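Some notes on the structure that comes next.
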Amino acid sequence: SQQGEEDPQALSIQEGENATMNCSYKTSINNLQWYRQNSGRGLVHLILIRSNEREKHSGRLRVTLDTSKKSSSLLITASRAADTASYFCATVEFHSGGSNYKLTFGKGTLLTVNP
Amino acid sequence: KAGVTQTPRYLIKTRGQQVTLSCSPISGHRSVSWYQQTPGQGLQFLFEYFSETQRNKGNFPGRFSGRQFSNSRSEMNVSTLELGDSALYLCASSLRGIGTEAFFGQGTRLTVV
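So the protein lines, in turn, are chains A and B.
Residue numbering for the first sequence follows the working numbering, starting at 258 and increasing by one per position.
Residue numbering for the second sequence follows the working numbering, starting at 68 and increasing by one per position.
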């Protein structure tokens, strides 16, 4: 089963509005990452938040992590048409059974920003 | 600085054949990881190589294998192709390995017919 589950699956907003996407996971993690993918630029790493961090900012992006609820959110402020893409969360957990780390992606949220 | 380069970009193969995909990481990056992306299963981690050694492995059958050369370039091989292997294969390079910031290539679109 999927470790990271994004919510909603799809989101459509107007340019200038804020977009919030959520990610829930099941097990203890080492860190959680957010990625963006569009057809033009492939998969791009946006931000990494460690399990001992609660909030991180990068430009118009704000990520929060609540390890007690096993959830994270990605907020994009003042969205632009160029933000139209699929957004994925990925969890990294230490996995002692054979490999060192287990990396699992969610199914993604498709964000459409209308001009 | 050149980004991650994957070749070829598109590939069509027949069931039962084998295929080799190539990935050249960013200069100085010793970690290369591979991912499979399909509409049904999403993005799945295949394996990671670091300094020519496989360091982490996902949950894929032994038909999927890889290697890394001394210049950090990596190849992924899939033997006895099945229709379900049709996917976008992505590779990523990073300084310290999976779980840290990674830079992805544009991917190789493999179609098995």
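Don't be surprised by glycine CBs; every beta carbon is placed ideally from N, CA and C.
Computed from a predicted structure; not experimentally measured.
Bridge partner(s) assigned by DSSP for residue i
i, result
"alanine 159 of chain B", "B:Ser100 and B:Phe171"
"alanine 276 of chain A", "A:Ile333"
"isoleucine 93 of chain B", "None; isoleucine 93 of chain B has no bridge partner."
"valine 320 of chain A", "A:Lys313 and A:Leu331"
"lysine 80 of chain B", "B:Val179"
"tyrosine 344 of chain A", "A:Arg293 and A:Thr366"
"glycine 70 of chain B", "Answer is none; glycine 70 of chain B lacks a bridge partner."
"tyrosine 358 of chain A", "A:Phe351"
"glutamine 271 of chain A", "A:Asn371"
"isoleucine 306 of chain A", "A:Leu289"
"glycine 299 of chain A", "A:Asn295"
"glycine 109 of chain B", "B:Thr105"
"serine 281 of chain A", "A:Glu262 and A:Ser328"
Residue-level contact to chain A via CB, residue i, 8 Å cutoff
i, result
"arginine 122 of chain B", "yes"
"alanine 129 of chain B", "The sequence given here has glycine at residue 129 of chain B, not alanine. No, glycine 129 of chain B lies away from the interface with chain A (no Cβ there is under 8 Å from its Cβ)."
Residue i at chain B interface by Cβ criterion, 8 Å
i, result
"serine 258 of chain A", "Residue placement at serine 258 of chain A cannot be trusted, given a pLDDT of 42 that sits under 50; what the coordinates show is reported in the next sentence. Not one chain B Cβ lies under 8 Å of serine 258 of chain A."
"tyrosine 282 of chain A", "no"
"tyrosine 358 of chain A", "yes"
Contact set between residue i and chain B, taken where Cβ atoms lie within less than 8 Å
i, result
"valine 349 of chain A", "Ile165 and Gly166"
"leucine 383 of chain A", "With chain A running from 258 to 372 in the structure shown, residue 383 of chain A is simply not present."
"asparagine 288 of chain A", "Gly166"
Cross-chain neighbours of residue i in chain A, by beta carbon under 8 Å
i, result
"phenylalanine 170 of chain B", "His302"
"leucine 157 of chain B", "Gly299 and Leu300"
Proximal chain B residues relative to residue i, where beta-carbon distance stays under 9 Å
i, result
"glycine 365 of chain A", "Gly109 and Leu110"
Listed by chain order, chain A residues near residue i by CB distance under 7 Å
i, result
"glutamine 173 of chain B", "Gly299"
Contact between the stretch 341 to 348 of chain A and the stretch 140 to 155 of chain B: three or more CB pairs below 8 Å?
Contact between the stretch 341 to 348 of chain A and the stretch 140 to 155 of chain B is absent: fewer than three C-beta pairs spanning the two stretches fall below 8 Å.
Inter-stretch contact at 8 Å, needing at least 3 Cβ pairs: the stretch 119 to 132 of chain B / the stretch 167 to 174 of chain B:
Put simply, the stretch 119 to 132 of chain B does not touch the stretch 167 to 174 of chain B. Fewer than three CB pairs are less than 8 Å apart.
Closer than 8 Å is the cut-off here; do at least three beta carbon pairs connect the stretch 300 to 313 of chain A with the stretch 258 to 276 of chain A?
Taking one beta carbon from each stretch, the stretch 300 to 313 of chain A and the stretch 258 to 276 of chain A have fewer than 3 pairs nearer than 8 Å; the two do not touch.
In chain order, which continuous runs of the beta strand (DSSP E) of length 3 or greater are located wholly inside the stretch 112 to 166 of chain B?
Fully contained in the stretch 112 to 166 of chain B are the following beta strand (DSSP E) runs of length 3 or more, in chain order: 120 to 124, 131 to 135, 141 to 145 and 154 to 161.
Would the stretch 75 to 89 of chain B count as touching the stretch 320 to 340 of chain A if we require 3 or more Cβ pairs under 8 Å?
Flag = no, the stretch 75 to 89 of chain B and the stretch 320 to 340 of chain A do not touch.
Does the contact criterion of 3 or more C-beta pairs under 8 Å hold for the stretch 271 to 281 of chain A versus the stretch 323 to 337 of chain A?
Between the stretch 271 to 281 of chain A and the stretch 323 to 337 of chain A, the count of C-beta pairs closer than 8 Å reaches three or more; the two stretches touch.
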